[in-house]
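Protein chains in written order, with my numbering: chain A, -17 to 347; chain B, 57 to 356; chain C, 7 to 287.
First the structure, in the form of structure tokens, and then the observations on it.
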Amino acid sequence: MDFAENALAGTGKSSQSGRLELIDVRRVFGNYNALDGINLAVEPGEFIALLGPSGCGKSTALNCIAGLLELTGGEIRLAGKRIDELQPEARGFGMVFQNYALFPHLSVRKNVGFGLSMQGVPGAESAKRISDALALVRLQGQEGKLPGQLSGGQQQRVAIARAIVIHPPLVLMDEPLSNLDAKLRLEMRAEIRGIHDQIGSTTIYVTHDQDEALSLADRIVVMREGRIRQIGTPQDLYDRPNHPDVADFMGFRTRIPGKLVSVSGNRASVDAGGVRLEAVAPGHVSVGDRVLVSIRPEDLVAVDEGEGLKATVNSIEYRGRAFFGLATGPDGSELFFRADRTYPRGASIVLRPLAERTLLFKEKA
Amino acid sequence: MSAVAAGSPSRPSLRKRLSARGLDATTLLVLPGIVVTLALFVYPFLYGVVDSLVPKQGPWFANYLKFFSEPFQYDTIFATLWLALPVTIINVLVAIPIAFRVRLMRRQRLLTTILVLPVTLGTVLVADGLLNYLGPRGWFNRTLMFLDLIDHPIRLTNNYWGVFASLIITGFPFAFLLTLSYVTGIDPAIEQAAATLGAKARQRFTRIFLPLLAPGLIVTFCLAFVQAFSVFPSAILLGAPSGPTRVIAIAAYQAAFEQYDHSMGAAIAIIMGLVQLVVILAVLSLRQVFYRGPAAGGKG
Amino acid sequence: MIRDNGLASRLWRFAIWAIVALFVLNLLGVILAVVVNSLSTRWLGTWLPLGWTTHWYVDAWREFQLTPVLIVTFEIVFAVVVISGLVGVTTAYALARRDFPGKRLMVLIFLLPLLLPPLTYGIPLATVLYRLGVGGTFWGVVLANLVPAVPFVVLVMIPFIEQIDPRIEQAARVFGASTTSLFVRILLPLLLPGMLAALLLVLVRTLAMFELTFLTAGPTSQTLVVSLYYAVFASGVRASQSIDAMAVVYMVTTLFWLVIALQFVNPTQIVARSRQQTANP
Chain A
-17 MDFAENALAG
-7 TGKSSQSGRL
3 ELIDVRRVFG
13 NYNALDGINL
23 AVEPGEFIAL
33 LGPSGCGKST
43 ALNCIAGLLE
53 LTGGEIRLAG
63 KRIDELQPEA
73 RGFGMVFQNY
83 ALFPHLSVRK
93 NVGFGLSMQG
103 VPGAESAKRI
113 SDALALVRLQ
123 GQEGKLPGQL
133 SGGQQQRVAI
143 ARAIVIHPPL
153 VLMDEPLSNL
163 DAKLRLEMRA
173 EIRGIHDQIG
183 STTIYVTHDQ
193 DEALSLADRI
203 VVMREGRIRQ
213 IGTPQDLYDR
223 PNHPDVADFM
233 GFRTRIPGKL
243 VSVSGNRASV
253 DAGGVRLEAV
263 APGHVSVGDR
273 VLVSIRPEDL
283 VAVDEGEGLK
293 ATVNSIEYRG
303 RAFFGLATGP
313 DGSELFFRAD
323 RTYPRGASIV
333 LRPLAERTLL
343 FKEKA
Chain B
57 MSAVAAGSPS
67 RPSLRKRLSA
77 RGLDATTLLV
87 LPGIVVTLAL
97 FVYPFLYGVV
107 DSLVPKQGPW
117 FANYLKFFSE
127 PFQYDTIFAT
137 LWLALPVTII
147 NVLVAIPIAF
157 RVRLMRRQRL
167 LTTILVLPVT
177 LGTVLVADGL
187 LNYLGPRGWF
197 NRTLMFLDLI
207 DHPIRLTNNY
217 WGVFASLIIT
227 GFPFAFLLTL
237 SYVTGIDPAI
247 EQAAATLGAK
257 ARQRFTRIFL
267 PLLAPGLIVT
277 FCLAFVQAFS
287 VFPSAILLGA
297 PSGPTRVIAI
307 AAYQAAFEQY
317 DHSMGAAIAI
327 IMGLVQLVVI
337 LAVLSLRQVF
347 YRGPAAGGKG
Chain C
7 MIRDNGLASR
17 LWRFAIWAIV
27 ALFVLNLLGV
37 ILAVVVNSLS
47 TRWLGTWLPL
57 GWTTHWYVDA
67 WREFQLTPVL
77 IVTFEIVFAV
87 VVISGLVGVT
97 TAYALARRDF
107 PGKRLMVLIF
117 LLPLLLPPLT
127 YGIPLATVLY
137 RLGVGGTFWG
147 VVLANLVPAV
157 PFVVLVMIPF
167 IEQIDPRIEQ
177 AARVFGASTT
187 SLFVRILLPL
197 LLPGMLAALL
207 LVLVRTLAMF
217 ELTFLTAGPT
227 SQTLVVSLYY
237 AVFASGVRAS
247 QSIDAMAVVY
257 MVTTLFWLVI
267 ALQFVNPTQI
277 VARSRQQTAN
287 P
């Protein structure tokens, strides 16, 4: 690790930057709202993940911050100054692209040094910063190679070094791990967070993989259909998603519609087709509302008989430690459950949700 | 191991050995194509080379000697180069900035369709159209006079400029469409990366695009040059075929089909090929200087 | 990218679009001049002709004997399309599916006729064809036109066949398909779009191929474009409107097939096909 610290000493902390603010940012393609009024404030040094399925607007948002797309409305401010009308080359942010976008005709050294030479950094300093950056991403000895001669993981490292060597106030990453295989992805994930912590810059990281977002980010911004659904720490989102879409993303796979019958304290009682289900009560529901009950598979436990949701086993598989399966409710709904033993297909079981980990959402009118 | 290999009973059949080298029934499907190309392209070509060395009279090199000793003949090389080189340089140089603009256009299809028209219609039709359009009473001269740019019609047909115009009309779209296909082959993220790293438009062009495009532009130049150099029907119809636009193709055609000296015709065709080859090799040697790999960026 | 709205950048953009507009305007002017002239009674020294008529088409049809010329043109073009299709697709299949010694050389030989200008190899080819007695005949023209057509089909089809997964054929074998039914029921439907594109392009190229046809055609084996050349060459013998009427007939025949071909290919591909191969042979 001390060698990384050496590298850090050379690279230096990024220029202390102010907070990044997105104020009612909009982007329209034709008559399609890719960004429909985004408001977000990012504190200096924060690691923010923009999370959502493809087409949710997360990459559009990133490209707007980078200056690769013009806004159709709203503004972006950095340390209080408007930057949304600046050309991308005037913003000085570091960006890591999904397919790395390395310059295929330039060596690793020249790729990394490109930004420095654009800034007119003198040769000696530039050489030092390049080797420090390459040390930080552990790519010494590859300086003379062309990008085409490197593996995917190495190209990724070059892309990161190229982005951070210019000491950007903001590092933007657009699904940088999506082209790597599973093992390398885990490795690079840890390194990306490590590099962020060492250089102390602000990072905005776009991904569609909730594991990645949960493990990397200080705060996660969940997006859907051009809007922000929820902003929060990984724990916030994991335990208290505030929208069925977010819950879906966080692994609450079973959704049961029902009607709220009573609320007492933070415990709510729901009538789901004749079965009584207990759940955590959110603040904004009242008795009589149509609601959606969301449960994670590990919190919906199968028992042979008793109180609970009656269901028929569809499939079941062993995943070490426990069995997980899919059952069908009497109304045809899909129920993802956990079990301590295996059941034959077609067996009748009863599913019991853990009340304190069962969530409730008001259904849209 | 070696004992087994030496034993003839275990030796694989000829068929298996051939198919291990990629030769099997499927490979034989190349035969018709090979036969056609050998019979109609390679054989006639070699026949032409030999034919050119068997002149009607004189030693084996008599045709070549004759060509290079008569200004009427060897001047055709310069006449052709004098047309082909400026036209090709203009076509390629103008195609580059336009391709760069058009690449950003969302609806390129209409423009590319219009531009593919002269390429497909061919030189004969373009020559016929230009005879009228550029003629003393054609729309071009009328427009210039209407705009008070000239007093009386300028002569643009049956001379150098007529052929020049026809080579621009058919050659520019060709160079442009080729350049466009190279330009759009460059991953836009590469330019975006350069921009986020602080490169201004001019720097992105000179430091990123130009080196990536250079090999493609060189190929474009070669193909466009070859086309312009073999200009034939428009040089006759639109030019002065016995004067300044007596291009080398006309010389070859006249020798073979008007003087019925196929040996001389073949010799001139070969000289024509060699001159093209010299120019192309000179241009291609530039290619060694530049990066030659894919322009699409990393794996992705 | 955020648009640079500085003055220099605006001027530059304007200049580029002005050049494009000027070129397109002149190009359309050239084509339109032919069409207008073919429809005019008299057109001398005015913006537009004095009167309009269609009788030049009737004249041209008779004077240039367009019925036999069109028949011969289509016979030649379709013969070239069918033969180059059969030969080209089989050859491309072998080249796409097998790796064998000498393959690179073979691809290079297929590339040459597309890169060399037709006149360079056309003169010796015509000499050979006249020697063999087919010069000046229908089949002489077809043979000459096969020289660029077969390699064109081969080079268009190779990448197309390569992107069809060979495991599809293996799967068909596993499920008991004979060679015939493999070809008819699996390969042909998969190859059809590529073949259609390649053959339509060959059709358009052969219709417009002047040099090779010019060198090998006799009086009864001229295609439309060669007849047009002779008519323009001898202009003064016939009324210019009549020649332009013939040019319009040629234009319409070529553009008809071009429009169909453009349903299957991108305009850039018409030019760029051979260069993709050039870039990495």
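Glycine included, each C-beta is placed from N, C-alpha and C at the ideal position.
Non-local beta-carbon contacts of Gln332/B in its own chain, meaning distances under 7 Å to residues more than five positions away in sequence, involve Val282 and Phe285 in chain order.
At the C-beta level, Ala151/B and Ala257/B stay beyond 8 Å of one another.
Gln113/B counts as exposed, since fewer than 16 other C-beta atoms from the protein chains shown sit within 10 angstroms of its C-beta. Taking 9 Å as the cut-off between beta carbons, the residues of the segment 246 to 257 of chain B near chain A are Ile246, Glu247, Gln248, Ala249, Ala250, Ala251, Thr252, Leu253, Gly254, Ala255, Lys256 and Ala257, in sequence order. With at least 16 other beta carbons inside 10 angstroms of its own, Thr276/B counts as buried. At least one CB atom of chain C sits nearer than 8 Å to the CB of Gly329/B. Assigned with DSSP and collapsed to three states, Arg110/C falls in helix. When Cβ-Cβ separations below 8 Å define contact, Gly295/B makes no contact with chain C.
Contact check for Gly185/B and Ala39/C: beta-carbon distance about 6 Å, within the 8 Å limit, so the pair qualifies. Non-local C-beta neighbours of Arg260/B in its own chain, meaning closer than 7 Å and more than five positions away in sequence, comprise Glu247, Ala250 and Ala251, ordered along the chain. Counting only the Cα atoms, Ile8/C lies some 8 Å from Glu67/A. Arg9/C belongs to the set of residues whose beta carbon lies under 8 Å from a beta carbon in chain A.
For Ile274/B, no CB of chain A lies under 8 Å from its own CB, so it is not counted at the interface with that chain. Contact annotation: the segment 155 to 172 of chain A does not touch the segment 1 to 18 of chain A, with fewer than three C-beta pairs closer than 8 Å.
By a beta-carbon distance limit of 8 Å, Ala309/A contacts Asn296/A. Their separation comes to about 6 Å.
In terms of beta-carbon proximity, Asp243/B lines the interface with chain A, with at least one pair separated by less than 8 Å.
Residues of the segment 191 to 222 of chain B that bring their beta carbon within less than 8 Å of a beta carbon in chain C comprise Arg193, Gly194, Trp195, Phe196 and Arg198, in sequence order.
The shortest CA-to-CA distance from Leu76/C to any of Ala85/C, Asn272/C and Thr259/C is the one to Thr259/C. In the three-state DSSP reduction, Lys241/A falls in the strand class (E or B).
Any Cβ of chain B closer than 8 Å to the Cβ of Pro70/A would place that residue at the interface, and such an atom is present.
Under DSSP, the beta-bridge partners assigned to Leu282/A are Pro335/A.
Of the candidates Asp18/A, Pro150/A, Ala337/A and Glu28/A, Asp18/A places its Cα closest to the Cα of Gly37/A. For the set Leu139/B, Gln344/B, Arg157/B and Phe123/B, the Cα lying nearest the Cα of Pro267/B is the one of Gln344/B. Take the alpha-carbon of Ala307/B and the one of Val334/B: they are about 19 Å apart.
Residue-level contact check: Gln101/A touches chain B, since one or more beta carbons of chain B fall below 8 Å from its beta carbon. Around the beta carbon of Met201/C, 16 or more other beta carbons sit within 10 angstroms, so the residue counts as buried. In the DSSP secondary-structure assignment, Ile202/A is bridged to Ala31/A and Gly214/A. In this structure Val275/A is buried. Its beta-carbon is surrounded by 16 or more other beta-carbon atoms within 10 angstroms. In the same chain as Ala102/C, and ignoring 5 residues on each side of it, the C-beta atoms closer than 6 Å to its own belong to Ile164, Ile167 and Glu168, in chain order. Bounds of the beta strand (DSSP E) holding Lys344/A are Leu341 to Lys344. With its beta carbon less than 8 Å from one in chain C, Gly49/A belongs to the interface. The closest CA to that of Gln269/C, considering only Ala204/C, Asp65/C, Thr185/C and Val231/C, is found on Ala204/C. In the structure shown, Glu260/A adopts extended strand secondary structure according to DSSP, grouped into three states. Of the residues Pro192/B, Val172/B and Asn214/B, the one whose Cα lies closest to the Cα of Asp207/B is Pro192/B. The way I'd put it, the segment 128 to 147 of chain C doesn't touch the segment 99 to 119 of chain C; fewer than three beta-carbon pairs between them come closer than 8 Å. Within the same chain, Cβ atoms closer than 7 Å to the Cβ of Leu109/B are found at Trp116, the five residues on either side in sequence being excluded.
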